[in-house]
Structure formats: structure tokens, C-alpha cells
Amino acid sequence: MTGWEFWVDRGGTFTDIVARRPDGGLLTRKLLSDNPARYADAAVAGVRELLDGSTERVEAVRMGTTVATNALLERKGERTLLVITRGFRDALRIAYQNRPHLFARHIELPEQLYERVVEVDERIAADGTELRAPDLAALEGELRRAYEDGIRAVAVVSLHSHLHPRHERAVGELAERVGFPQVSLSSEVSPLMKLVPRGDTTVVDAYLSPVLHRYIRHVADELRDVRLMFMQSNGGLTEAGQFRGKDAVLSGPAGGIVGMARMSELAGHGRVIGFDMGGTSTDVSHFAGEYERVFTTRIAGVRLRAPMLDIHTVAAGGGSVLHFDGSRYRVGPDSAGADPGPACYRAGGPLTVTDANVMLGRIQPARFPAVFGPEGDQPLDAGAVRDGFAALAREIREATGDDRTPEQVAEGYLRIAVANIASAIKRISVQQGHDVTRYALTTFGGAGGQHACKVADALGIRTVLVPPMAGVLSALGIGLADITAMREQSVEAPLTEAAMPGVRDTADALEAAARAELRAEDVPEDRVRTARRVQLRYDGTDTTLTVDLTDPDTMRRAFEERHRATYTFTLDRDIVVEALSVEATGLTPPPDLSALAPYEGTPAAPDTARVHTGGAWRDVPLHRREALPPGDTVTGPAIITEAGTTTVVDEGWQATANDHGHLVMERTSVTESSRPDTEVDPVLLEVFNNLFMSIAEQMGAQLESTAQSVNIKERLDFSCALFDPDGNLVANAPHIPVHLGSMGTSVKEVVRRRGARMRPGDSYAVNDPYHGGTHLPDITVITPVFGGGPGDPGILFHVASRGHHAEIGGIAPGSMPAGSRTIEEEGVLFD
């Protein structure tokens, strides 16, 4: 390498930069992402700052960016026209039955990204038969009117185009002749079955791609003759010219997953939970030897189907705002962002999670970058934080009579933030059948190290890894990432030997296309690796699991093993190959990771910091990470600082620096603060509220994923809740109000009749309208949960699920007859 290479992660609050010098050495910078008084673009400003204003020595820039995500959140994408098969103009707006705000009495449908709809008179049948050729003459006039009105992006969606795209291609060619610079075809963007997700993804691509391309042109103009590559949501890099809007929404977080996985493996840990806590939010992920991807998700209220790393985001970052509503503490979901930022940023911002850490001494202003104030050269304002928490403590005391000190208030908010993060981690681990106690927690991001021990305690994890350069690990991961090209295709074939030739032919075609893309990006053939995978599901269900493409027997066994691990059961049903995906990877030559070790060769005695821990202010050791030689051990409570992040070693934990520069923190003893607290506490009220609601939400997720009925898996006509031993409602997921309002009566009736005879493993089915039921198709299954340990307390609580069944007998199909005179005429009654 003869020039400099820059790896950039542009986040919501900070932009992190790792620069690799021509000699292989690494430098870092952290800038506020939005600072219009000082620079127009943080990434370009950081590059120039490290090179004293010159960009002539820059060879390549690899970047993860939130430009597309921000455009989606703020609804500032390109004005977009939707062109769709006649008769389906409202298909994407109607979509599914689920409502975004379940308990709202005034229903407002989500805002659509497209501005206008044009129907094209065309139709192809599912078997490829052309029923009506597209009326291009009539369509051309509609397209020209839209263009004259200033619309510049077109999303084209036709029925069955994932298998038969010729009509879409004709419409797309016409739109390009009219002059539209952005034309997205659903058969190219998402060539998979189901009109609604395919259409939604195509609209997202048309809406975001122009914004993304404008930003790419801006960076290219500022950094001329530089190779630009961008991080995709799937965890791989691509050339700037290949970067699409649909693949950009998790661009930054994906770099963190790559960095987390590579650095965890370097430390000898192949099973880890990723914990990336930044200024705006926290991203959590699961890694057990390979990257896990999802193919359908919802981001900023928009459905999106594209391969992306399985990252769960929770609104609990360092900038999450602290609220008190008169009785409850709440953390987020709103964030102070970079402007104005937390109260300590000297811009008049609200109290946030970062301020709680400053209040408790877990962040030391003297060891934090001095980039605040009008000139960007002042430290954090600890005085404003103390004043803010003193005022908040007075407000809480006046509202509730709860006489807490400002420090206790700050500790309460931190505890709630930790509980929110732990719930998010359970969704990507426990909910998927993984035992997190057998994993290490790898923490990174600017705020991760401040909370890692507490999050690990909440999950029962006993090992925490803090990689070198943890504060900029997402940027480092972008530098370590490989170049990838992915191709997908709908198949819809049975998993049989007879279907395999067609499946393999399709896989060959997809691989050829993916390899061709890498050749165009100048990736040498000897560095290309390919992986072929199939998405399998049981016939009649919608949830797919991904396995490697091999022979039918091997794929069937792999699918059933994963299904059993995830959902605890298998079905005696045929298995369907829903789709194929092929990933071609151009391996990135690994950098010299020994350059990452922070130790500078000169050990130094720690300073002292005042930290509020264990209910009191204490003097604790304050270490610099670069002064910790390999093998050195730090016993908590203590603080370890480095450029970009602070690590808090809590009481009962011990941190050791290893040869690769990681801090390996181990739980050594159980402290009083980590034991369960049974005192009545408004903080615990919020913590347990979140915990119990998380259980109900996980029940609903499992029910939806394993359902075979359209009523459950698509209409989402079901509800899940928890009840105490007497049948009183404890918590419910945000499901169907009419179910939740009466389900408790059903539980109480079962307890009244069967309580004395309940045994572990029992479940009760009820649909009686006279005892808490709704109409007969809504069947409720109630299951008592027993203690099962020493001093068994008997029933701890009940879980209940109610779902609408398509048919339960009666005098009319659907079991909802309009003319019934007795309940027996409506269907079968479970009493």
C-alpha cells in the first residue's frame, strides 16, 4: 500500500475514523456528525484533519453511513412515483391488518414513501401466461406528466414479476426514455414472492438511492481520484457505483458486527453477543461462527426485504433522554442526538444516559474529548449535570414524596436503560433458542464499556470482552470487511431429489452474476469465495430458516435441527425451498492486527477518581488503557479510559489485558448490588414492567413465526399476556385490545374450576363467551407456570394466548353466522 486508507463510520451522534498509514500504523479520530459551524461533512473533515488539509495521499476510503437511514427517518428521500399493475394501486397502502398504534382510537395509516400512483394496464398470470400486454402508450402520458411535475424516481411493481419480469422491464425502459434518472424494478431489487414486501422494498430503493448517490458524488468531488467503497447492510463492502438505497439502511451498524466478530475470534471467543452502544441507540447481535442475516425487517415504520445482518436496535444510547411523568421513570425512546446533545455537551440539551454516567463519576470529563462549546474546545460540563439531577430529584420528591438523592435518581435511570438493553439481547438470543450464559459479551461503541458489566449481570453472562479500539470498532470493522455481492431468486419448489436439478441451475446462474460483479470491482479470482444457501419452510407456514445448499436429506436434517432449536418442535409436513441466495465474497487482505494493541510499553500507576458505587462516593483507581501491559489485572470498582471510550469495571468484576490488546472482564463474586432486590421501588416497577412485557412479546413472536393460519401469521389476529396465580393481568404485549380486555376473566374461570388440580405440563383451551371469551373462533390456551425448584412455591404465574381460528364449526363457513339464534349454531364451545 502506497497511500493512506480511511475507514469511516458516520453515526447518528459521532463520526468515527480509523486511518491506516502507508506503513500499516493506525490512527483514530472522533468528530460530531453534525457541526455545521465547523464543517459541512464530518467524514471529509476528519480525513483532512488527519492529513493537515491535503487529500492527495489518500488511496481508498471505506465508509458506513447513516445518510440513507436519516433520509428514511426524516422522510427526506426523493419524490417517488409508484407504477403498479392495474387494480392494485392501494395494495401497498392497505398491506396487512396490523396497526402501528394498536390502542389509538383515531387510526392514521402510515405515511407512504411514494407521492403518486400510476396503474398500468397489464397482467401476467402466475404460470407466465400473458393475460394483457402493457398499454405503454397510455402509460407514457402519465409518466411525462409526473416528470413535468418534478418527480424523478420511479418504482415499478407488477404481479408475479419475481418469476416473469418482462412487463416490468418494458415499463422500466419506457421510464428511462422519458428521462427518469432513478428507475427501480421489483424483479431486480427483490426477486422474491409476495407483492407487498417486494413492492415496499422497491419503493424504498427508489426513494433512497438518489439521496445516497448525491452524497457519494459529494464525497467523490471532495476526495478526487480516491477509491470509494461503502458498507452494505449485509456486512460486505461494495463499490460506490453499486451501492443501492435498499442495502444502505444498516450500513454503519453492519461494520460493528464485522469488527466484533473478527476481534472476538482473535481473543479466542467464537460465541459472543455483540453490544454496540453509541450516542443515539444500542445495537445488539448474535455471533456463533457465522454472520446471521434476516431477510425481512421494519425500519423507521417501513417494511423492507433485503439481506441484512440480524441487528436489533433499542432506543437506549448515551443520548437517550431521561423522562419522569409524575410516577414512572422512562429512558428514551427519543434522543438528544449530537445537537443539542446531552446536558453536559454545553448546548442546553436535556438530561440523558450520558449525563447519568457523568453524575455518578462513571465518565470522567478530564478523560473525555474536549470538543464542546462554541469553539469546539471545551470539556464536558459536569456542573450542568449536577444542577439538572438536583432539579429532577426535587421534581420527583414533590410529585411522589420519594426522597431520593440526585445520585440515586441517576442510578435508577441507568438501571432502566440496562434492563431495556438486556430485553433487546434476549430477542436475538433467548428467543432464537440460544443460552446466553454460555456466551461472552463483546462490548464496543463509545458508551458500551460504561454499562457492559451491568448488562452482563442482567443476563447471567460472566465474561465481557472489550476489544482494542472499542470506541471506533464499527469503523475498524469496515476496514476488516470483505467485498461481497449477493444474489437472490424465488424458487417455490418441494425439497425433493427431482427438484434439485432446477434448483442447482438457478444457483449456478446466481453465482455467475455475483462473480461477474466482483470481477467488475477488480477483485482477483483467487480471492473469491462463494456460498450457496436455501431458505426452507414447512408447507403451509411462512417462516423460513436458512441452510446450506447440499442434498435434500442433509438439508432436511439441518432444517429440522434449526427448527427444533428455535421453536422446540418439528412438524410432520413437506418442506418447501422458498428461495435461493448466493454470496460471492472477495477476501480483504487482513491488516497487521498487532498494531491494534493499545499498550505503549510504559506501565504507569493509576490516578484516582471519585465514583458513586455501592450507594456511596468512593475513590477508585483510574487507569489509562495504554498503560496496562499484557497480563495486568484491574479489580473493580475501577475505571479504564482510552481514546474513544471509557470502561467501568464494576464491583465483583476483574479486568485483565491480554496479548492482543483486549480487556477480558470476568465476574469474580456476587455483590449485593447484583442480587435481586425485593423492596418496593419505582425503578424496579419500570424494570419489571419491561421484563414481563418482553416475555409476552416473545410469546407473540414465537406464535407468529410458527403459525400455519393466515389469521395468525399475516393478519396477526392473536394476543399474548401474563397473569398472576389468581388470574389478574400482569403484563400484555401490544396485541388485540378486545382480546386483552376479557382474557383475564377466562384465566380466572380456569383457576376457579381447575386450580387445585393443575399440574406441570397442563394447558387449558377456552372459548366460552360467558367466561371471558369473545366469539367462538377466538380460542384461548392457558398454561400455568410452576416454580419447580427447592421450596417450590407452586404456580408462579399463568401465560395465555388467544388466536382467531378460521373455522370452528357452526351453520356457516368461518363460524360467524349472521342468523344464528343459539350459541351452538355458531360452532363448538370449549368450556
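Each residue of the sequence shown is one higher than the last, beginning at -12 in our numbering.
Idealized CB from N, CA, C, for every residue including glycine.
- Pairing V768 with L783 gives a Cβ-Cβ distance that is not under 7 Å.
- Residue range 705 to 710 is occupied by the beta strand (DSSP E) that includes C707.
- Taken through DSSP and simplified to helix, strand or coil, Y83 comes out as coil.
- With respect to A133, L69 sits apart: the two C-beta atoms are not nearer than 7 Å.
- Between the C-alpha atoms of D561 and A480 there is a straight-line separation of about 11 Å.
- Counting along the chain, Y26 sits inside no alpha helix (DSSP H), nor does DSSP assign it H or E at all.
- Bridge pairing for Y316: F311 [DSSP].
- Contact between the stretch 684 to 702 and the stretch 522 to 534 is present, with at least three C-beta pairs closer than 8 Å.
- A straight-line Cα-Cα distance of about 7 Å links D122 and E109.
- In the structure shown, the three-state DSSP call for L401 is helix.
- Taking every protein chain shown into account, the CB of S416 has 16 or more other CB atoms within 10 angstroms, so this residue is buried.
- Q169: member of the beta strand (DSSP E) spanning 169 to 172, first to last residue.
- Excluding its 5 nearest sequence neighbours in each direction, M745 has C-beta neighbours in its own chain below 7 Å: P771, I782, listed in chain order.
- Going by beta carbons, V478 and Y400 fall outside the 7 Å limit.
- With a cutoff of 7 Å on beta-carbon distance, P455 and G648 are scored as near each other.
- For E252, the uninterrupted alpha helix (DSSP H) segment begins and ends at 238 to 253.
- If you look at K17, you'll find it in the beta strand (DSSP E) that goes 13 to 19.
- Positions of the beta strand (DSSP E) runs, each at least 3 residues long and wholly inside the stretch 737 to 773, are given as 751 to 753, 765 to 773 in order along the chain.
- In the same chain as L816, and ignoring 5 residues on each side of it, the C-beta atoms closer than 7 Å to its own belong to N754, D755, L763, I810, in chain order.
- When the alpha-carbon of G759 is set against those of R789, P747, G774, the nearest one is in R789.
- Per DSSP, Y101 lies in no beta strand (DSSP E) and is assigned neither H nor E.
- Cβ atoms of R611 and T628 come within 8 Å of each other, at about 6 Å.
- With contacts defined by Cβ atoms closer than 7 Å, V635 and R349 form a contacting pair.
- Here D234 carries a helix assignment [DSSP, helix/strand/coil].
- Burial check for I412: the Cβ neighbour count within 10 Å reaches 16 or more, so the residue is buried.
- Assignment of beta-bridge partners to G51 by DSSP yields D(-4).
- Counting the other Cβ atoms within 10 Å of the Cβ of D114 gives fewer than 16, which makes it exposed.
- Distance from the Cα of A369 is smallest, within the candidate group E794, T572, C331, for C331.
- A distance of 7 Å or more separates the beta carbons of A683 and A625.
- With a threshold of 16 other beta carbon atoms within 10 Å, I94 falls short and is exposed.
- The three-state reading of DSSP puts H726 in helix, counting H, G and I together.
- In the structure shown, the three-state DSSP call for D594 is strand.
- Separation of the CB atoms of G223 and T(-11) is rounded to 25 Å, and the pair is thereby denied contact status at 8 Å.
- Shown here for E135: not one same chain residue has a beta carbon closer than 6 Å to its own, the five before and five after excluded.
- By the Cβ-count criterion, E548 is exposed, with fewer than 16 other Cβ atoms from all chains shown falling within 10 Å of its own Cβ.
- As computed with DSSP, P352 is found in no beta bridge at all.
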